[in-house]
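Single-structure report; data block below.
Protein chains in written order, with this note's numbering: chain X, 12 to 353; chain D, 20 to 274.
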């Protein structure tokens with residue numbers, strides 16, 4: 012009796028479908044337009060996946076191990092055939108072929124070219140840029156310092172405003188707190204909501220808010236805040252999920268309410284890691300704020316993109332030095348603080 | 020003597036299908052020091068956690084002062100817990116808080132959520148906390164963080180926290196199992212003092228028969244979730260011992 016192992020089947024099916032598509036491309040050499048026929052191409056991929064699943068199922072009937080079986084074993088028994096070298100196994104060849112194909116496709120897709128790197132015109136452009144960057148124009152230093160201060164405070168406010176939201180959300184996103192018929196749906200809803208929020212990059216949020224509230228540091232701050240809430244809530248809630256049950260039982264047994272139990276039994280266990288995560292988040296936010304400035308989030312990033320647009324490399328050099336010093340200082344400071352909190 | 024606890028046909032099946040308690044029947048009289056013995060996994064801890072509703076019983080009834088509490092919900096569960104104190108094998112104190120603050124947590128059940136979160140414990144509560152710390156002989160440590168105390172001291176703080184609830188019943192789940200033999204007796208002596216001087220009924224899980232004989236006024240034994248012995252601690256003969264702990268088991272003495 013072969014039990015259906017869905018994860019294994021899906022894994023093998025996707026690997027096969029990928030190889031199937033690569034093979035078809037090599038044989039038929041489709042043109043640009045053919046790549047754009049999304050519906051047809053998805054169908055071809057699904058057909059490959061279906062075939063792959065069938066083959067995978069066939070292998071499991073023959074009791075031959077595929078890569079999917081190795082990753083997601085269907086039985087918990089350790090088998091004794093582990094000593095066979097990989098090139099004598101189906102899964103070994105499956106992984107080797109799939110990785111080689113992925114590597115080749117990646118090289119083709121990124122138009123990897125040694126000639127571009129060695130091209131003399133392009134190389135001279137890079138030399139000009141480096142000459143400028145390594146010979147900074149210190150006249151823009153005062154403006155750069157003022158802008159990076161703006162960036163640091165933007166990052167600070169984003170982190171500070173995110174804390175209370177993330178704090179409350181973290182308990183509502185922790186599996187060990189959210190038990191029972193009402194709490195569980197809330198848990199799933201918030202988890203999904205935060206996962207979606209987090210998967211939208213801060214850069215995208217910055218674009219949204221620069222349309223909403225106008226270009227400038229406020230838009231950047233809002234973008235960082237949204238991203239920080241989602242990230243901190245996730246990190247915080249993982250901390251809450253690892254607290255020991257003992258103190259919780261201890262407080263519950265006194266007849267405490269749910270809120271008192273969280274405050275007296277859970278919070279003391281998580282408060283130090285919380286502070287540590289928050290300091291690190293501020294550090295990350297300063298770096299992200301620089302990038303966000305590039306799309307109109309204000310601060311040093313906006314200044315950088317203006318000079319870069321005009322190819323004023325000596326001014327760009329000055330800005331890069333300022334950013335590097337601040338990021339290095341923040342990084343070191345946050346590392347020391349986090350070490351002290353352990 | 021009047022019964023403080025009447026347990027009838029108590030069943031507990033965990034979600035994973037384990038039947039921890041299979042229809043227990045027994046009574047606890049007011050003022051007793053009842054000890055529950057049995058192997059690990061015999062259902063002792065489950066039994067205590069069903070009584071103060073840290074676990075929900077699957078079936079049966081638990082009459083606490085003549086009110087069935089086996090299946091009450093919400094606020095009523097908290098009412099049950101307010102009147103039943105509990106101490107644990109691993110003490111379950113809050114390590115980062117002071118001893119005094121840990122003892123004050125015993126009043127949480129009677130306090131408003133908001134007031135307690137701002138730490139607004141009343142002066143009379145603080146005096147009471149000091150009184151109970153004195154009772155367990157540890158008042159001089161009131162300002163020290165709980166995680167800086169030894170195991171035996173932590174368990175005494177836990178007793179003070181439970182007393183702070185002014186409970187009518189005190190549950191003790193393996194109260195001395197993680198303590199060394201010498202400290203063991205100190206903690207047991209304080210439990211006895213609580214039982215005799217304050218008249219609080221005690222139900223305790225214990226491992227060592229020598230402790231049972233010394234402290235219990237009555238003993239019950241569980242095996243595989245069923246009651247296999249009930250009676251005077253002096254009546255546990257070699258034969259009974261083998262029955263409870265399995266063939267070939269040897270008694271370990273603790274002095």
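Virtual Cβ for every residue (Gly too), placed ideally from N, Cα, C.
Owing to the predicted nature of the structure, the values given are computational and were not obtained by experimental measurement.
- Query: Is the number of C-beta pairs between the segment 288-303 of chain X and the segment 179-187 of chain X that are closer than 8 angstroms three or more?
  - Reply: no
- Go ahead and pull the three-state DSSP assignment for residue 229 of chain X. Stepping through the first chain from its first residue, residue 229 of chain X is reached at position 218. DSSP places residue 229 of chain X in helix when its eight states are reduced to three.
- Query: When the cut-off is 8 angstroms and only beta carbons count, does residue 192 of chain X lie next to chain D?
  - Reply: Counted from its first residue, the first chain places residue 192 of chain X at position 181. So, not an interface residue.
- On the three-pair Cβ rule with 8 angstroms, is the segment 224-234 of chain D touching the segment 84-100 of chain D? no
- Query: Thinking just about the alpha-carbon of each residue, which of X/164, X/252, X/350, X/286 is nearest to the one in residue 299 of chain X?
  - Reply: For this step, residue 299 of chain X is matched to residue 288 along the first chain. Closest option to residue 299 of chain X, Cα to Cα, is X/164.
- Selection from X/114, X/122, X/74, X/125 that minimises the alpha carbon distance to residue 100 of chain X: The sequence position of residue 100 of chain X within the first chain is 89, counting from 1. That would be X/74, whose Cα lies nearest to the Cα of residue 100 of chain X.
- Query: DSSP three-state call for residue 313 of chain X: helix, strand or coil?
  - Reply: Numbered from its first residue, the first chain carries residue 313 of chain X at position 302. Residue 313 of chain X: helix per DSSP, three-state reduction.
- Message: Can you pull the chain X neighbours of residue 132 of chain D, defined as C-beta to C-beta under 8 angstroms?
- Response: Counting from one through the second chain, the residue named residue 132 of chain D turns up at place 113. By Cβ distance, chain X contributes 268, 270, 271.
- Query: Going by alpha carbons, who is nearest to residue 326 of chain X out of X/336, X/315, X/16?
  - Reply: Your numbering for residue 326 of chain X matches position 315 in the first chain. Checking every option, the nearest Cα to that of residue 326 of chain X belongs to X/315.
- Task: Show which residues of chain D have a CB atom less than 8 angstroms away from the CB atom of residue 276 of chain X.
- Result: Taking the first chain and counting its residues from 1, the one referred to as residue 276 of chain X is at position 265. The answer, in chain order, is 113.
- Item | Close Cβ partners of residue 123 of chain X (< 6 angstroms) along its chain, the five nearest in sequence each way excluded | Counted from its first residue, the first chain places residue 123 of chain X at position 112. No residues qualify anywhere along the chain.
- When the distance is taken between beta carbons, is residue 152 of chain D closer than 8 angstroms to residue 195 of chain D? Position 176 of the second chain, counting from 1, holds the residue named residue 195 of chain D. Position 133 of the second chain, counting from 1, holds the residue named residue 152 of chain D. Contact flag unset, no.
- Cα-Cα separation between residue 296 of chain X and residue 144 of chain X, rounded to whole angstroms: If you number the first chain from 1, residue 296 of chain X lands on position 285. If you number the first chain from 1, residue 144 of chain X lands on position 133. If you take the alpha carbons of residue 296 of chain X and residue 144 of chain X, they lie about 25 angstroms apart.
- Item | Contact set between residue 38 of chain X and chain D, taken where Cβ atoms lie within less than 8 angstroms | As a working mapping, residue 38 of chain X is identified with position 27 in the first chain. The contacting residues do not exist; residue 38 of chain X stays about 53 angstroms from chain D at best.
- Query: Quick one: any contact between the segment 68-77 of chain D and the segment 233-242 of chain D, if contact means 3 or more CB pairs under 8 angstroms?
  - Reply: no
- Message: Give me, in chain order, the residues of the same chain whose beta-carbon lies closer than 8 angstroms to that of residue 82 of chain X; leave out the 5 immediate sequence neighbours on both sides.
- Response: Walking along the first chain from the start, residue 82 of chain X turns up at place 71. Excluding positions up to five away in sequence, the list reads 18, 19, 22.
- Item | Exposed unless 16 or more other CB atoms sit within 10 angstroms - verdict on residue 120 of chain X | Locating residue 120 of chain X in the first chain gives position 109, where the first residue counts as 1. Label assigned to residue 120 of chain X: exposed.
- Item | For residue 164 of chain D, three-class secondary structure by DSSP | Counted from its first residue, the second chain places residue 164 of chain D at position 145. Residue 164 of chain D falls in the strand class under three-state DSSP.
- Cβ neighbours of residue 12 of chain X in the same chain (closer than 6 angstroms, five flanking residues each side left out): By 1-based counting over the first chain, the position of residue 12 of chain X is 1. Since pLDDT at residue 12 of chain X reaches only 45, below the 50 mark, its modelled position is unreliable, and the value read off the structure follows with that caveat. Closer than 6 angstroms at the Cβ level, and outside the excluded window around residue 12 of chain X, lies no residue.
- Message: I'd like to know whether the C-beta atoms of residue 307 of chain X and residue 230 of chain X end up nearer to each other than 8 angstroms.
- Response: Locating residue 307 of chain X in the first chain gives position 296, where the first residue counts as 1. Locating residue 230 of chain X in the first chain gives position 219, where the first residue counts as 1. Cβ atoms of residue 307 of chain X and residue 230 of chain X: closer than 8 angstroms.
- Task: Would you identify the three-state DSSP class for residue 310 of chain D, choosing helix, strand or coil?
- Result: A question about residue 310 of chain D goes unanswered here, because the residues of chain D that appear run from 20 up to 274.
- Using the beta-carbon of each residue, which ones in chain X are nearer than 9 angstroms to residue 128 of chain D? Numbered from its first residue, the second chain carries residue 128 of chain D at position 109. Correct list: 265, 266, 267, 268, 271.
- Task: Step through the CB atoms of chain D and report whether any lies within less than 8 angstroms of the CB of residue 262 of chain X.
- Result: Walking along the first chain from the start, residue 262 of chain X turns up at place 251. Closer than 8 angstroms: yes.
- Message: Short of 9 angstroms Cβ to Cβ, which residues in the segment 161-186 of chain D face chain X?
- Response: 177, 180, 181, 183, 184
- Task: For residue 341 of chain X, count neighbouring Cβ atoms within 10 angstroms of its own Cβ and tell me buried if that reaches 16, exposed if not.
- Result: Here residue 341 of chain X refers to the residue found at position 330 when the first chain is read from its first residue. When all chains shown are included, residue 341 of chain X counts as buried.
- Over the uninterrupted alpha helix (DSSP H) stretch that includes residue 243 of chain D, give me the two end residues. As a first step, residue 243 of chain D is located in the second chain; it is residue number 224 there, counting from the start. Where residue 243 of chain D is concerned, there is no enclosing alpha helix (DSSP H), given that its DSSP letter is neither H nor E.
- Are the beta-carbon atoms belonging to residue 258 of chain X and residue 224 of chain D less than 8 angstroms from one another? Sequence index remark: in the first chain, residue 258 of chain X carries index 247 (1-based). Sequence index remark: in the second chain, residue 224 of chain D carries index 205 (1-based). Going by C-beta atoms, residue 258 of chain X is not nearer than 8 angstroms to residue 224 of chain D.
- Query: Exposed or buried, what is residue 182 of chain D when buried is set at 16 or more other beta-carbons lying within 10 Å of its beta-carbon?
  - Reply: The residue labelled residue 182 of chain D in the question sits at position 163 within the second chain. When all chains shown are included, residue 182 of chain D counts as buried.
- Under 7 angstroms Cβ-Cβ, which residues of chain D neighbour residue 279 of chain X? Here residue 279 of chain X is taken as the residue at index 268 of the first chain, counted from 1. Those are 113, 115, 116, listed as they occur along chain D.
- Ordered along the chain, which non-local residues of its own chain (more than five positions away) have a Cβ less than 8 angstroms from that of residue 38 of chain D? Taking the first residue of the second chain as 1, we reach residue 38 of chain D at position 19. Cβ neighbours of residue 38 of chain D beyond the five flanking positions: 30, 31, 32, 244.
- Step through the CB atoms of chain X and report whether any lies within less than 8 angstroms of the CB of residue 81 of chain D. Sequence index remark: in the second chain, residue 81 of chain D carries index 62 (1-based). No, because no Cβ of chain X sits closer than 8 angstroms to the Cβ of residue 81 of chain D.
- Message: Could you compute how far the alpha carbon of residue 46 of chain D sits from the alpha carbon of residue 22 of chain D?
- Response: Residue numbering aside, residue 46 of chain D sits at position 27 when the second chain is read from its first letter. Residue numbering aside, residue 22 of chain D sits at position 3 when the second chain is read from its first letter. Taking the straight line from one Cα to the other gives about 7 angstroms.
- Message: Taking the alpha-carbon of residue 61 of chain D as reference, which of D/204, D/116, D/41, D/208 has the nearest alpha-carbon?
- Response: For this step, residue 61 of chain D is matched to residue 42 along the second chain. With distances taken between Cα atoms, residue 61 of chain D lies closest to D/41.
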